[in-house]
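Going by this note's numbering, the sequence shown runs without a break in its numbering and finishes at 1599. Where is the CB? At the ideal position from N, CA and C, for every residue including glycine. First comes the structure, then the notes that go with it.
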Amino acid sequence: MKQAAPIDLSQAPAPTKAATGERAMFAGGCFWGTQYSFQSLPGVTRSIVGYSGGHTKNPTYRDVCGHGTGHAEAVYLEYDPKKLSYRKLVDYFWTIHDPTTMNRQGPDFGDQYRSAIFYTSNEQKAIAEDSKKAAQASGRFSGPIVTQIVPAGIFYPAEEYHQNYDVKNGSLSCPSPVHK
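Set out below in structure tokens:
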């Protein structure tokens, strides 16, 4: 099944700018549930599920599930900064998955299910780090937050059948423990 062209989030001069506003990328376990959660936020104008953070070019779902690509299941977002701030996106991220489990969300395990925030600017990095500290200090989590905060690179959109999977199928297919 053909995949859309990769999106390079590491490119200068304005890496956070997108056609419909600003852009962000997160990995929080199964990308179906993560996409479903984020696209419900007012101000999110586009969401795409795919793969990022690894070393294999143009990976497929089968490749990523084989645990040799280094990629995480990720969600690329475009959002309107007049309606939704990057800080609100990051703060929301802590509520839609368990950031204290290493390479696992619910029954899904493997490095492709790791928790990560892929930043596209030093400003995004600082916001993500500050939000992570606040989330850890909140006492909401029983263990340390293991979410990676790493530079964004190339995002490879997943196969079409993965896009908006939960909307197409009318249910939340892979909820994390916080969705139960």
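- Comparing C-alpha distances from I1426 to each of L1460, N1477, Y1455 and V1463 shows the shortest one belongs to N1477.
- Here the alpha carbons of G1472 and R1465 stand approximately 20 angstroms from one another.
- Relative to R1442, the option among S1540, P1518, S1561 and A1553 whose CA is nearest is S1540.
- By a beta-carbon distance limit of 8 angstroms, G1562 contacts T1519. Their separation comes to about 4 angstroms.
- For the options E1579, Q1567, Q1582 and P1461, the alpha carbon positioned closest to that of A1491 is the one of Q1567.
- When C-alpha distances from Q1422 are compared across A1577, A1553 and N1583, the shortest belongs to A1577.
- Counting other Cβ atoms within 10 Å of its Cβ, G1452 reaches 16 or more and is therefore classed as buried.
- Annotation: G1487 is outside any alpha helix (DSSP H) and is labelled neither H nor E by DSSP.
- In the three-state scheme derived from DSSP, where H, G and I count as helix and E and B as strand, T1479 is classed as coil.
- Taking C-beta separations shorter than 6 angstroms and ignoring five residues to either side along the sequence, the partners of F1560 in its chain run T1519, following chain order.
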